[in-house]
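Read the structure below first, then the notes.
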Amino acid sequence: MSDGKTYGAVAEFESAAAVYRAAERLVSEGYRKLDTHTPFPIHGIDTVLKQGASHVGWICAMMGLIGVAAAQLMMWWMNGYDYKIWVSGKLPYDWPPTIPITFELMVLLSAFGAVFGMLGINKLPRLHHPIFKHSTIDRVTDDRFFMSVEASDPMFDSNRTVQLLESVGGSHVELVEE
Amino acid sequence: MTAITVIDEPENPLQRPPIVEGNNDFASVTSTVAGVTEAKTPRGWYVLFGISVACLLNLFACIGYLVWTGVGVWGNNNPVAWGWPIVNFVFWIGIGHAGTLISAILFLFRQKWRTAINRWSEAMTIFAVMAAGLFPAIHVGRIWVIYWVFPIPNQMGMWPNFKSPLLWDVFAVSTYFTVSFLFWYVGLVPDLATYRDRCAKAGRKVASRVYGAFALGWHGSSRHWMNYEKAYLILAGLSTPLVLSVHSIVSYDFAVSLVPGWHTTIFPPYFVAGAIFSGFGMVLSLLIPARKWLKLQDLVTLNTLDSMAKIILLTGSIVGYSYGMEFFVAWYSGSEYEQYAFMNRAFGPYCWAYWIMISCNVVTPQLCWFRRIRRSPVALFILSIFVNIGMWFERFVIVVSSLHRDFLTSSWDYFSPTLLDILTLIGSFGLFMTMFLLFCRFLPIIAISEIKGTMKAASPHSAHHGSDEAKEAHA
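If you read the protein sequences in the order shown, they are chains A and B.
Just so you know, the numbering used here puts 1275 at position 82 of the first sequence, and the rest follows in order with no gaps.
Just so you know, the numbering used here puts 1094 at position 140 of the second sequence, and the rest follows in order with no gaps.
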């Protein structure tokens, strides 16, 4: 296995607490390009890994504003400009009756923003990921907790990193290829 | 010292009962839920599925006959033009509301017991909205021009009238369906990854590929989880006002009109409470037998049923209060038409429907004050059936009793459904149950990753050894 092709080192842990402690240790050693892979979100580990805030909220807010603007523009243009409908003595376009549809379109586009924004930031869907080459990774969706250290981390060294992962309680420590 | 010391604590009201009972760890939770779909298909499933598909085929036949012949095949008459289909529409859309309440509102309130039931209530929402959406679509009569309700160019060269609550409904229901579906699917992704990995291990290649495609390559990265949780929180935040808006807008279909008995400002909150009440009724009707047959008692505990019964009690009481308030407002308004509409409801030709509604919706939920009833699956199941019946009759009473005697005495008439009306209603249950049974057979019916997150071992600060765990519980 040549080092240029190595994606990184992956280790398995028994519990949420173990992988959390291991993450604290590796970060304190100076590693930055590491990630944990867990069956459910472990609260607080994003702070340990210094991941920063999620940007999904901004995408969602932008989409919500687009929804409001699109709804207003649509209803004004269709009922108030292109083909005026005079019914029960009401103005063809007036804001109060536009509120329900404006609200619904805001929610709809924000939801699209939240879901597709999340998938986009996470770069999903993805057909393959190097981590799937690890021998016990199938338990990541069951009851085991994994940590990966990418080879592109400046601190990464195939021997030292593997030893470190073993010393913090990792089992099945393996180098996986790209 | 072992973990058992926790139980020795005198009953502490602040200490919540655990979500997952029994001797379970992460792996056993996974295999319990996945075991439902991995086990050989039970014979009972085939029987139920056969009945449901038969009802569904009957629905197709009814719709075919309706489209071929025209809406005259229904019992709808001149004053009661809305008739049975709109009763069914409001009934089904109301049932859909429990799913979003459980998945969104209870999520924001951090009610962790929701994790046991959110997945199937969300699924139920989606299938109920499908059944609901069908009725206004076939009720328009000329279903082939249903696209006139959408803001797309048509041969008349004119646009929909956005001032009409019926059009607001189109947007509300379609948004509701889409957002509920997205919410459900996002929740499913990590669990589909679980299924993908289990199928791969069991050598089921095709199944693994299919689940894998829908799992989108999920591998539980903490970076992914962070964005995922943010998106989930936002969806919950969006769905909360959405669920309140949908049934409010459905109630505008009535309240914005001038018909006595409909034209009241109480309708939006009254409809929303009724929707949640009926939805919880339907969740209990499906959950209680499924929980027993699929042996999920450790995950869907009596505490969960107890909490659901309390929500039934709360919303049922709001519904009962609304019924009383409607009468008060009719009297207080001084409008004789309004007063007549309500006297006619309770003592007119449809009084039988009114009193069925009152006994099912006002009297039955009050039984939930008793702890023994809240914790008895059999009692709750029977109660939930009454709630379903009562809520269907509520919509019947609102639609039919108000319309059949409106302002113009000469057009008063009595509405009775035809056989086709009844068969179509049965057919809509067929659609709902067919989808639900397929869901139970092929998808994780309990949110595996979410329920794991509520277990004590999920905390990054919990230790594996009993003594530490016990200490933590005391802290």
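Just so it is clear, CB atoms sit at the ideal spot from N, CA and C, and this is done for glycine as well.
Chain B contact for residue i (CB, 8 Å cutoff)
i, result
"A:Asp1228", "yes"
"A:Glu1370", "no"
"A:Ala1210", "yes"
"A:Ile1259", "no"
"A:Ala1202", "no"
"A:Glu1297", "yes"
"A:Pro1293", "yes"
"A:Gly1363", "no"
"A:Val1220", "no"
"A:Phe1349", "no"
"A:Tyr1275", "In the sequence on display, residue 1275 of chain A carries Asp and not Tyr. Yes - at least one Cβ of chain B is within 8 Å of the one on A:Asp1275."
"A:Tyr1224", "no"
"A:Met1256", "no"
"A:Leu1357", "no"
"A:Ser1345", "no"
"A:Phe1325", "yes"
"A:Ala1307", "yes"
Cβ neighbour criterion (16 or more within 10 Å) applied to residue i
i, result
"B:Tyr1182", "buried"
"A:Ala1209", "buried"
"B:Pro971", "exposed"
"B:Ala950", "Because chain B is modelled from 955 through 1429, residue 950 of chain B falls outside the range shown and cannot be assessed."
"B:Met1078", "buried"
"A:Met1271", "buried"
"B:Asp1375", "buried"
"A:Met1194", "For A:Met1194, the predicted structure reports a pLDDT of 44, less than 50, and the residue's modelled location is therefore unreliable. The matter cannot be settled from this model."
"B:Asp1145", "buried"
"B:Ile1188", "buried"
"B:Asp979", "exposed"
"B:Phe1208", "buried"
"A:His1327", "buried"
"A:Pro1289", "exposed"
"A:Ala1202", "buried"
"B:Ala1412", "buried"
"B:Gly976", "exposed"
Proximal residues of chain B, C-beta to C-beta of residue i below 9 Å
i, result
"A:Asn1352", "Going along chain B, no residue has its Cβ under 9 Å from A:Asn1352, so there is no contact; the nearest lies around 25 Å."
"A:Val1342", "Residues of chain B passing the Cβ test: none, with the nearest at roughly 13 Å."
"A:Lys1283", "Lys1117"
Any chain A beta carbon closer than 8 Å to residue i
i, result
"B:Asp1360", "no"
"B:Met1084", "no"
"B:Lys1410", "no"
"B:Val1140", "yes"
"B:Leu1248", "no"
"B:Leu1136", "yes"
"B:Gly1029", "no"
"B:Asp1207", "no"
"B:Pro1144", "yes"
Residue span of the beta strand (DSSP E) that contains residue i, given as start and end
i, result
"A:Ala1246", "Careful: A:Ala1246 lies outside any beta strand (DSSP E) and carries neither H nor E."
"A:Leu1368", "Ser1364 to Glu1370"
"A:Asp1228", "Leu1227 to His1230"
"A:Glu1343", "Phe1338 to Glu1343"
"B:Thr1054", "Note, B:Thr1054: premise wrong, no beta strand (DSSP E); alpha helix (DSSP H) at Gly1037 to Thr1054."
Range of the contiguous alpha helix (DSSP H) that encloses residue i
i, result
"B:Tyr905", "Look at the range of chain B in this structure, 955 to 1429, and you will see that residue 905 of chain B is not part of it."
"B:Ala1333", "Pro1331 to Phe1350"
"B:Ser985", "Phe980 to Glu992"
"A:Gly1313", "Ile1292 to Ile1314"
"B:Glu975", "It is not in any alpha helix (DSSP H) - B:Glu975 carries neither H nor E in the DSSP assignment."
"A:Thr1199", "From DSSP, A:Thr1199 is part of no alpha helix (DSSP H) but of the beta strand (DSSP E) over Thr1199 to Phe1206."
"A:Asn1352", "Ser1351 to Ser1360"
"B:Arg1326", "Arg1325 to Arg1328"
"B:Ile1310", "Cys1305 to Ile1312"
"B:Pro1119", "Pro1119 to Lys1155"
"B:Arg897", "There is simply no residue 897 of chain B to check, as chain B begins at 955 and stops at 1429 in what is shown."
Amino acids of chain A, ordered along the chain, whose beta-carbon sits closer than 8 Å to that of residue i
i, result
"B:Asn1115", "Asn1272, Ile1278 and Val1280"
"B:Val1133", "Val1300, Leu1301 and Ala1304"
"B:Ala1126", "Pro1293 and Glu1297"
Interface residues of chain B facing residue i [CB-CB closer than 7 Å]
i, result
"A:Pro1318", "Leu1170 and Gly1171"
"A:Met1267", "Pro1105"
"A:Pro1232", "Phe980, Gly1174, Ser1403 and Lys1406"
"A:Pro1290", "Phe1116 and Lys1117"
Beta-carbon neighbours of residue i, restricted to chain B and to distances below 8 Å
i, result
"A:Gln1244", "Ser1176, Arg1177 and Met1180"
"A:Gly1250", "Lys1184 and Ile1188"
Heavy atom of the ligand FAD within 7 Å of residue i beta-carbon
i, result
"B:Tyr1206", "Ligands displayed in this structure: none; no statement on the ligand FAD is therefore possible."
Contacts of residue i in chain A (Cβ-Cβ under 7 Å)
i, result
"B:Lys1066", "Per Cβ cutoff of 7 Å: no residues; B:Lys1066 is ~13 Å from chain A at best."
Beta-carbon neighbours of residue i, restricted to chain A and to distances below 9 Å
i, result
"B:Asp1151", "Ile1330, Asp1331, Arg1332, Val1333, Thr1334 and Asp1335"
Enumerate, from N- to C-terminal direction, the unbroken alpha helix (DSSP H) stretches of 4 or more residues contained entirely within the stretch 1231 to 1297 of chain B.
-> The stretch 1231 to 1297 of chain B contains these whole alpha helix (DSSP H) runs: 1256 to 1287.
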